[in-house]
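Protein sequences appear in the order of chains L and X.
For reference, each letter of the first sequence is one residue, going 1 to 166 in this note's numbering.
For reference, each letter of the second sequence is one residue, going 1001 to 1166 in this note's numbering.
Glycine is no exception: its CB is placed at the ideal position from the N, C-alpha and C atoms.
There are 2 protein chains.
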Amino acid sequence: MSTDPYGLRPGEVAVELPQEFDAGLYFIGRIRTPWTTREACPRNARESDAVCTIEVDARYAAALKEVETCSHLLVLYWMDKARRDLVLQAPRHYDTQRGTFALRSPVRLNPIATSVVRLVRVDGTRLSVVGLDCLDSTPLLDIKPYFASTDAVPAATVGWHAAGKT
Amino acid sequence: MSTDPYGLRPGEVAVELPQEFDAGLYFIGRIRTPWTTREACPRNARESDAVCTIEVDARYAAALKEVETCSHLLVLYWMDKARRDLVLQAPRHYDTQRGTFALRSPVRLNPIATSVVRLVRVDGTRLSVVGLDCLDSTPLLDIKPYFASTDAVPAATVGWHAAGKT
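In structure tokens:
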């Protein structure tokens, strides 16, 4: 339990957010996963082989044309369960504070998550995929084809992160 | 020039968008690039070695702590110059219609772009990076560390796309 009245852990820093939004998003579907609490979610998407389902709203069905030819997709979704105003965070499983832009935490100024998934099957507006780690019923924002030529950088490193961990 | 009064090319299909947005975004900085017209932008981010600059608003400076330890970043930005309602598109340089979710076109229901960039240098709130292809002054939405362990899938394929092209 935090002892800070604002729910901050030691070392965490919040900023005052702007009064107004600059742009708006549509939720275009929902993601169905086996996980209904934050604690139940995998720590990252490679920790689970669970097949999850992306349900695209019927209104946008035509936008799926030729998606079935993709082996992998980039899925964007909205993580609206966490506060948005932290710039420095002290994740429980790490021993220090880090900037939001150096973390993949759901606590972000714009809580848009990006996950690379393997496409298993397309049934109408339902996509079966492997590689998600989000809560059941998470709002969908976008689906993009994953191009290895521009999206895959196997040699990339994150210096603060211990080698071999994610 | 299109002959359709709504600016659609043959084969393109638009849908009626919802009356209201479901969530809001903050523009948290700007991206500076050498490209001021759509035609001048590289066709994709690997076509140019230009060093671009990500200017993060001073309000969020602390969120950059330890970003400098990352070799690569995932940059999310807002492509607000294009219509949002197309579900089937007929890109000029391809010979057929495809669904929006099978394309990386800026025309999207939620026009959030994701680019993997190589981090060259951090000077305060300015990041010098290689790998962007957007217009100068594009609004910034988020910066994330790129983890090869979850983000890199070198074997991924896009079936509709000719081998070796991007």
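Proximity below 8 Å, CB of residue i to CB of residue j
i, j, result
"A90 of chain L", "E12 of chain L", "yes"
"V1153 of chain X", "H72 of chain L", "yes"
"L1076 of chain X", "D1022 of chain X", "no"
"Y167 of chain L", "L1025 of chain X", "Given that chain L is displayed from residue 1 to residue 166, the structure contains no residue 167 of chain L and the question cannot be resolved."
"A14 of chain L", "D80 of chain L", "no"
"Y1060 of chain X", "V56 of chain L", "no"
"T1100 of chain X", "T114 of chain L", "no"
"F1147 of chain X", "V158 of chain L", "yes"
Given residue i as reference, the closest of the options once Cα atoms are compared
i, options, result
"R9 of chain L", "L:S71, L:R98, L:A23", "L:R98"
"L1119 of chain X", "X:L1025, X:C1052, X:P1034", "X:C1052"
"I31 of chain L", "L:V158, L:A148, L:S149, L:P139", "L:P139"
"W160 of chain L", "X:S1048, X:K1065, X:N1110", "X:K1065"
"C70 of chain L", "L:V129, L:P34, L:T157", "L:V129"
"T150 of chain L", "X:P1145, X:A1061, X:S1048, X:A1082", "X:S1048"
"W1035 of chain X", "X:A1148, X:L1132, X:S1115", "X:L1132"
"L1103 of chain X", "L:T33, L:P145, L:I28", "L:P145"
"I168 of chain L", "L:W78, L:V117, L:R83", "In the structure displayed, chain L extends from 1 to 166; residue 168 of chain L sits before or after that span and is not available."
"P1018 of chain X", "L:R83, L:A58, L:V117", "L:A58"
Classification of residue i by the beta-carbon crowding that lies within 10 angstroms, buried from 16 upward
i, result
"T1037 of chain X", "exposed"
"D1095 of chain X", "exposed"
"M1 of chain L", "Reliability of the predicted coordinates at M1 of chain L is poor, the pLDDT of 43 falling under 50, and the value obtained from them is presented with this limitation in mind. Exposed: under 16 other Cβ atoms inside 10 Å."
"G7 of chain L", "exposed"
"P106 of chain L", "buried"
"A156 of chain L", "buried"
"R121 of chain L", "exposed"
"A63 of chain L", "buried"
"G1164 of chain X", "Any reading at G1164 of chain X must be qualified, since the residue scores a pLDDT of 43, below 50, and its modelled position is unreliable; the value itself is stated next. G1164 of chain X comes out exposed."
"P1111 of chain X", "buried"
"E1016 of chain X", "exposed"
"E1020 of chain X", "exposed"
Three-pair Cβ contact test at 8 Å for the segment 1036-1055 of chain X versus the segment 118-127 of chain L = Under the Cβ criterion (8 Å, minimum of three pairs), the segment 1036-1055 of chain X does not count as touching the segment 118-127 of chain L.
Write down every uninterrupted run of the beta strand (DSSP E) in the segment 1027-1090 of chain X whose length is 3 residues or greater and which is fully enclosed by it, in chain order.
-> Here the runs fully enclosed are 1029-1032, 1051-1056, 1072-1078, 1086-1089.
For the 8 Å Cβ check, are there 3 or more pairs between the segment 1129-1136 of chain X and the segment 1050-1068 of chain X?
-> Between the segment 1129-1136 of chain X and the segment 1050-1068 of chain X, the count of C-beta pairs closer than 8 Å reaches three or more; the two stretches touch.
Which parts of the segment 1114-1148 of chain X are runs of the beta strand (DSSP E), unbroken and 3 residues or longer, counting only runs that do not cross its ends?
-> Those beta strand (DSSP E) runs which fall completely within the segment 1114-1148 of chain X and span 3+ residues are 1126-1130, 1138-1145.
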